[in-house]
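Protein chains in written order, with our numbering: chain A, 157 to 586; chain B, 27 to 296.
Glycine residues also receive a C-beta, built at the ideal position from the N, C-alpha and C atoms.
Let me begin by presenting the structure, written as structure tokens, before commenting on it.
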Ligand SMILES: Cc1cc2nc3c(=O)[nH]c(=O)nc-3n(C[C@H](O)[C@H](O)[C@H](O)COP(=O)(O)OP(=O)(O)OC[C@H]3O[C@@H](n4cnc5c(N)ncnc54)[C@H](O)[C@@H]3O)c2cc1C
Ligand SMILES: Cc1cc2nc3c(=O)[nH]c(=O)nc-3n(C[C@H](O)[C@H](O)[C@H](O)COP(=O)(O)OP(=O)(O)OC[C@H]3O[C@@H](n4cnc5c(N)ncnc54)[C@H](O)[C@@H]3O)c2cc1C
């Protein structure tokens, strides 16, 4: 028999990848764990573009891709710099990608599989319940409250996503600054798998990932993404909330621009939209991290702002998995020592700092700022390239400039000084 | 008061797909829910139980994964759950289904040493839609039946069901044990609490197999063998309704346009 409804070793709020990774790790090590998820099932409410970098999950569940419902292994990376009527698409493929594979995933299936893993490890996963209140004793978090009942636990792991109302409630987190959060909108388009293979030059099981910038967001911060799944394509845009205010292009319009763009539309031709979703993405980076621990409570995943939206890639899922696991490791140690104070739990911060999460986030810590000061990255370079390549490829029988003049003319449109400043800033940010 | 509610796990979709060759539903990959009418029946049962005392038992025949549906009923107020599941029951039509359920009812009643005062079914299943299992069950058990019940009272040892019909409604009185089929009620089923959901996860679910009922069960009345229904042909109804959207520059212009169209179609004079 379990320890009983009213007392748990740990309660996890939120059954996304962060929460389920935490629950899996704790349950596997013998703790009595309950996950409470508000969706009808895990994954029901979660939105990702859909590319999971596998490295962190691989550490937790070695060989996961063999049993988990992954869609395709990404073997082709494309970067699209789009202008209104065309653009430049760079495609990259290499055996190197296979040394640390990434996969397209459908969160609804993938999170359900993770929930099953957590359950098999011994965790209880309850869905369809929104937790609105933490249970506090003398300023310490000691469980949750729901419909008038109290569920006590030594510790609560908050994995309730980007909005984390509970973290805000207990003062770990402030309201969003619109420049530190992006909005993502996504469509899932049904095609058959052979068509996808043909359109993207893939074999069965292989996938392509594309990030697009430029015209799509009308020069605003952000861009489009496209991932191939088994027999669907996920396509969407992510753009900074602070920017949408000044944008003449609305988010749905950006999405439309992207999918109807002459270089994108043929890829998804004859497809049927079967799903539409929208979600927030934290992107303030390391500089705006919330408080990560308090007495009896730890904050993980999107809730902790652990996302890197770099324009050429969006990463949140691998960070969610890792932070969930590290929070769980911390709780396991705290459980051994019987101490769940803020001091004991601050071990979590040390583990995060030592992990790839803080290393990578530090590496790019100035990046959001860099993007903020210059919207050029998102529009002008597309135009520069377009200017250059059009002069190379358009042969109309008039006099041809030499290549140097051609590039100079393209660059002149943006301004050499601006480009140089961006270049220096960009390098500095890294 | 002991009440039994028969529930069916159905696919949660408005776009049910049918296997063109086998004429059966394609259930793969479609999430399941408890048949909507059965959730109303369950709520009706729970409300009556709260008035009179006693227990509410839920029962379903289906594959082992139907336990999930039973658990959600336990979370929404039922006290006990019974799953009827075994190979010989596969491929049962409504006649066989209601026969097997009637046998299971008898089996549970024998174990308990008392009969269910009231058995509630949904009006119909939202996938099969035949509305035959409730009436079939009443026949097999030889107990009186009220169909299309939207409201239930229990007064002076008599059940009263409000039955809806085209002209209005009837209040029909009947003594237990009896069977009723339930339509949409005026109230919504209760929202399960976290505590109820945890208890439901931990609850024991009784499973009844052919073996459990072997003393009385006639296997020739079960499964494909016991199912005289033949599906001759299935068709997907065409959506013949055509929609016109009117969106002119102003509400007045839209109204004018609407009037024009109605006049043109001779629905209205101009
Ligand atoms: C459009 C878009 C594209 C993206 N693309 C990618 C990508 O390609 N690759 C990548 O790695 N990342 C991507 N991300 C980011 C990634 O989706 C997130 O970083 C990741 O989902 C974070 O996981 P999480 O478990 O922290 O949060 P979530 O997945 O958001 O999970 C939080 C869970 O908590 C539940 N919950 C919230 N509040 C409560 C409550 N009060 N009670 C109970 N439950 C609650 C929610 O229902 C949800 O299931 C993308 C995000 C978006 C929006
Ligand atoms: C030839 C034929 C073959 C079939 N083969 C299969 C098969 O292989 N697999 C399969 O899954 N189905 C099969 N079916 C469908 C199955 O017989 C019906 O789904 C079932 O008998 C219930 O009928 P219904 O859905 O019309 O329910 P209705 O009669 O409309 O349901 C009314 C009420 O009866 C109760 N009820 C209905 N079904 C159940 C149940 N199973 N357990 C408890 N209570 C219930 C509920 O309270 C429900 O609200 C077959 C049907 C036919 C005609």
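Compute the Euclidean distance between the alpha carbons of residue i and residue j, then round it to the nearest angstrom.
{"i": "residue 399/A", "j": "residue 374/A", "result": "11 Å"}
{"i": "residue 188/B", "j": "residue 159/B", "result": "20 Å"}
{"i": "residue 551/A", "j": "residue 240/A", "result": "21 Å"}
{"i": "residue 301/A", "j": "residue 291/A", "result": "6 Å"}
{"i": "residue 325/A", "j": "residue 297/A", "result": "12 Å"}
{"i": "residue 169/B", "j": "residue 224/B", "result": "36 Å"}
{"i": "residue 333/A", "j": "residue 207/B", "result": "55 Å"}
{"i": "residue 433/A", "j": "residue 215/A", "result": "30 Å"}
{"i": "residue 158/A", "j": "residue 188/A", "result": "Low per-residue confidence applies at residue 158/A: pLDDT is 47, beneath 50, and the placement is therefore not dependable, though the value from the model is reported in the following sentence. If I take the Cα positions, the gap works out to 8 Å."}
{"i": "residue 283/A", "j": "residue 184/A", "result": "20 Å"}
{"i": "residue 488/A", "j": "residue 203/A", "result": "30 Å"}
{"i": "residue 64/B", "j": "residue 129/B", "result": "20 Å"}
{"i": "residue 101/B", "j": "residue 251/A", "result": "51 Å"}
{"i": "residue 420/A", "j": "residue 402/A", "result": "26 Å"}
{"i": "residue 322/B", "j": "residue 261/B", "result": "The shown model of chain B, from 27 to 296, leaves out residue 322/B, and the question about it has no answer."}
{"i": "residue 113/B", "j": "residue 254/B", "result": "18 Å"}
{"i": "residue 241/B", "j": "residue 250/B", "result": "21 Å"}
{"i": "residue 353/A", "j": "residue 268/A", "result": "27 Å"}
{"i": "residue 586/A", "j": "residue 517/A", "result": "With a pLDDT of 46 at residue 586/A, under the threshold of 50, the modelled position of that residue is not reliable, and the figure given next carries that caveat. The alpha-carbon atoms of residue 586/A and residue 517/A are separated by roughly 10 Å."}
{"i": "residue 278/B", "j": "residue 406/A", "result": "29 Å"}
{"i": "residue 61/B", "j": "residue 136/B", "result": "28 Å"}
In terms of alpha-carbon separation, which member of the options lies closest to residue i?
{"i": "residue 436/A", "options": "337/A, 206/A, 241/A and 509/A", "result": "337/A"}
{"i": "residue 351/A", "options": "388/A, 376/A and 271/A", "result": "388/A"}
{"i": "residue 219/B", "options": "385/A, 285/A, 392/A and 339/A", "result": "285/A"}
{"i": "residue 470/A", "options": "320/A, 299/A and 381/A", "result": "381/A"}
{"i": "residue 227/B", "options": "95/B, 89/B, 118/B and 277/B", "result": "95/B"}
{"i": "residue 167/B", "options": "191/B, 116/B and 131/B", "result": "131/B"}
{"i": "residue 242/A", "options": "546/A, 561/A and 554/A", "result": "546/A"}
{"i": "residue 479/A", "options": "457/A, 494/A, 463/A and 465/A", "result": "457/A"}
{"i": "residue 182/A", "options": "443/A, 483/A and 173/A", "result": "483/A"}
Could you tell me if the beta carbon of residue i falls within a distance shorter than 8 Å of some heavy atom in ligand 2?
{"i": "residue 147/B", "result": "yes"}
{"i": "residue 127/B", "result": "yes"}
{"i": "residue 93/B", "result": "no"}
{"i": "residue 366/A", "result": "no"}
{"i": "residue 232/B", "result": "no"}
{"i": "residue 106/B", "result": "no"}
Taking 8 Å as the cut-off, is the C-beta of residue i nearer than that to any heavy atom in ligand 1?
{"i": "residue 256/A", "result": "no"}
{"i": "residue 129/A", "result": "Any property of residue 129/A remains undetermined from this structure, which presents chain A solely from 157 to 586."}
{"i": "residue 383/A", "result": "yes"}
{"i": "residue 319/A", "result": "yes"}
{"i": "residue 180/B", "result": "no"}
{"i": "residue 201/A", "result": "yes"}
{"i": "residue 272/A", "result": "no"}
{"i": "residue 473/A", "result": "yes"}
{"i": "residue 212/B", "result": "no"}
{"i": "residue 499/A", "result": "no"}
Please work out which residues of its chain come closer than 6 Å, Cβ to Cβ, to residue i, disregarding the five sequence neighbours upstream and downstream, and give them in chain order.
{"i": "residue 412/A", "result": "none"}
{"i": "residue 429/A", "result": "343 and 345"}
{"i": "residue 177/B", "result": "188"}
{"i": "residue 628/A", "result": "With chain A covering 157 to 586 only, the question about residue 628/A has no answer from this structure."}
{"i": "residue 198/B", "result": "172, 187 and 189"}
{"i": "residue 80/B", "result": "27 and 28"}
{"i": "residue 164/B", "result": "171 and 205"}
{"i": "residue 190/A", "result": "164, 167 and 280"}
{"i": "residue 45/B", "result": "52"}
Go through its chain and collect everything with a Cβ distance to residue i's Cβ below 7 Å, but skip five positions before and after it.
{"i": "residue 322/A", "result": "169, 287, 290, 314 and 316"}
{"i": "residue 525/A", "result": "Caution is warranted here: a pLDDT of 44 is assigned to residue 525/A, below 50, making its placement in the model unreliable, and the coordinate value is therefore given only provisionally. Around residue 525/A: no qualifying Cβ."}
{"i": "residue 275/A", "result": "281"}
{"i": "residue 486/A", "result": "454, 501, 503, 504 and 507"}
{"i": "residue 243/B", "result": "129 and 236"}
{"i": "residue 272/B", "result": "280, 283 and 284"}
{"i": "residue 271/A", "result": "171, 176, 198 and 281"}
Considering only residues of the same chain and omitting the five flanking positions on each side of residue i, which have a CB-CB separation below 8 Å?
{"i": "residue 299/A", "result": "164, 167, 290, 291, 306, 307, 308, 309 and 312"}
{"i": "residue 83/B", "result": "28, 29, 30, 31, 104, 105, 106, 107, 108, 134 and 142"}
{"i": "residue 47/B", "result": "none"}
> Got a sec: which bits of the region 76-105 of chain B sit with their beta carbon under 7 Å from any beta carbon on chain D, in order along the chain?
Replying inline: In the displayed structure, chain D is absent; the protein chains listed are A and B.
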